[in-house]
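Read through the structure below, which is laid out as structure tokens, and then see the notes.
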Amino acid sequence: RGIIEEASKIMPQYGIELIDVRIKRINYVSEVQRKVFERMISERKRAAEQYRSEGQGKRAEIEGQMEKELKEIRSGAYRVAKEIEGKSDAEAIKIYADAYNRDPEFYSFLKTLDTYKNTIDKDSTLILTTDSEYLTYLKNIQ
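Just so you know, we're using my numbering here: the sequence shown kicks off at 912 and counts up by one.
Put into structure tokens, the structure is as follows:
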């Protein structure tokens, strides 16, 4: 602007109206040119670093949001799983109670067989008295 203003003052005396001034080329001495290029490179590096920094901040924000959503999903799934587990346990208890109420002696027999299965294997050695309740069903084998 300063060039146009200064030149516009003297151009009318030559019958010229100055509308625009554009710089087509600037020739610097090599030392100045080198410093100009270094400054341009430095500014571009600074801008690139700022973009990288903003990108990393955005990345951290997105990852944080993703972690939050993942925790919500896992917590909801865990809650549903525990609800299902609770319902199935309640149903199993009801079935066992119904079985016990129908035939308490048969239920006792099944529970004893489960105990045998869980405590005795082919290498087990048991030392029990003959009046042990653990042997109740084994005593009557003929």
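All C-beta atoms in this analysis are idealised placements derived from N, C-alpha and C, irrespective of residue type, glycine included. The structure presented is a predicted model; accordingly, all values stated were derived computationally and were not measured.
Residue i (DSSP reduced to helix, strand or coil)
i	result
T1036	coil
K935	coil
L1024	helix
L1046	helix
T1041	coil
E1016	helix
Cβ neighbours of residue i in the same chain (closer than 7 Å, five flanking residues each side left out)
i	result
L1046	L1039
Residue i, enclosing alpha helix (DSSP H) - first and last residue
i	result
E949	S941 to R1013
G913	G913 to I921
Beta-carbon contacts of residue i that lie in its chain and below 6 Å, excluding the five residues immediately before and after
i	result
S919	L929
Reference residue i, options the options, closest by Cα
i	options	result
L1049	T1023, Q976 and A971	T1023
D931	D1025, I915 and S1043	I915
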